[in-house]
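This report concerns only the one structure given below.
Chains as they are written, first to last, in the numbering used here: chain A, 801 to 924; chain B, 801 to 924.
See the structure below:
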């Protein structure tokens with residue numbers, strides 16, 4: 801397994817599940833955990849589920865991806881309280897996590913992965 | 801209703817559905833049609849479904865968004881065969897369509913919408 805895992809936090813449970821389905825096809829040896837939606841299955845995110853998703857990832861070093869602003873806030877709070885090494889990326893949630901997954905699976909050096917992601921940075 | 805509609809084509813039916821759920825919240829007066837996955841519900845896209853999704857949109861001017869490369873190819877072929885005015889954007893599928901939806905709903909001039917999307921352009 802890759803030393804680095806991937807975490808996805810979306811406002812929609814279906815986006816989160818769909819991204820997982822898409823990226824696990826190209827990254828069978830990367831631990832990927834995901835969550836989307838609020839407690840009632842509607843649109844939203846919350847701190848508890850973001851935290852649980854990070855902690856349930858088998859990797860201790862995580863690359864985290866989100867769709868919209870308030871998901872980032874929850875990821876930030878959760879990562880501050882975690883003992884894991886977590887980097888949150890302001891990149892497109894689908895395309896960014898797909899890129900990271902494919903590169904990690906290929907065993908590309910983490911610095912190269914990070915620099916590829918830096919090129920996808922959005923103001924979000 | 802907005803003169804412009806939004807089309808989403810994803811490799812995953814769940815990503816497509818989730819994006820619709822997310823963006824229709826901010827764009828109740830924009831016609832949004834979407835499709836994802838292959839005929840069997842697996843990961844993939846095809847020309848027929850991309851075409852059907854464009855034609856079923858009530859708007860004649862469409863902004864089209866996709867996740868990964870082969871979805872773009874299907875959109876391109878479908879748009880060449882359509883009588884509609886269709887622009888395909890190489891932007892993040894979730895964040896780009898969300899931005900377009902919110903701006904169209906707000907009645908922002910289409911040239912401003914297009915220039916905002918241009919700033920989100922990815923090499924994909």
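Note that CB positions come from ideal geometry on N, CA and C, so glycine has one too. Just so you know, these numbers come straight off a predicted model, no measurement behind them.
Item: Nearest-angstrom Cβ-Cβ length linking residue 894/B and residue 815/A, presumed shorter than 8 Å; Value: 7 Å
Item: Best match in 909/A, 819/A, 801/A, 882/A for proximity to residue 850/A [C-alpha to C-alpha]; Value: 882/A
Item: Endpoints, alpha helix (DSSP H) assigned at residue 843/B; Value: That residue, residue 843/B, is in no alpha helix (DSSP H); it is neither H nor E in DSSP.
Item: Residues that DSSP places opposite residue 864/B in a beta bridge; Value: 807/B, 888/B
Item: Assigned secondary structure, residue 818/B (DSSP; H/G/I helix, E/B strand, else coil); Value: helix
Item: Distance, residue 903/A Cα to residue 828/A Cα; Value: 12 Å
Item: Residue 859/A: CB within 7 Å of a non-hydrogen atom of the ligand SAM; Value: Inclusion of the ligand SAM in the displayed structure is not the case, the ligand content being empty and no account of it being possible.
Item: Residue 896/A (DSSP reduced to helix, strand or coil); Value: helix
Item: Where residue 836/B falls: helix, strand or coil (DSSP); Value: strand
Item: 6 Å Cβ shell around residue 879/B - same chain, five flanking residues per side excluded; Value: 886
Item: Status (buried if at least 16 other CB within 10 Å, exposed otherwise) for residue 802/B; Value: buried
Item: Simplified DSSP state of residue 853/A, which is helix, strand or coil; Value: helix
Item: Burial state of residue 873/A (16 or more Cβ within 10 Å); Value: exposed
Item: Residue 840/A at chain B interface by Cβ criterion, 8 Å; Value: no
Item: Rounded Cβ spacing between residue 805/B and residue 823/B (contact assumed at less than 8 Å); Value: The pair is not a contact, with the Cβ atoms about 12 Å apart (cut-off 8 Å).
Item: Short-range partners of chain A found in the stretch 803-826 of chain B, where Cβ spacing is below 8 Å; Value: 810, 811, 812, 813, 814, 815, 816, 817, 818, 819, 821, 822, 825
Item: CB contact flag (residue 837/B, residue 870/B, <8 Å); Value: no
Item: Contact set between residue 920/B and chain A, taken where Cβ atoms lie within less than 7 Å; Value: 922
Item: Cutoff 8 Å: residue 935/B Cβ touching any chain A Cβ; Value: Only positions 801 to 924 of chain B appear in this structure, which leaves residue 935/B out of reach.
Item: Under 8 Å between C-beta atoms of residue 888/B and residue 868/B; Value: no
Item: Reference residue 861/A; option with closest CA among 919/A, 921/A, 914/A, 846/A; Value: 914/A
Item: Pick from 864/A, 884/A, 835/A, 841/A that is closest to residue 855/A, judged by C-alpha positions; Value: 884/A
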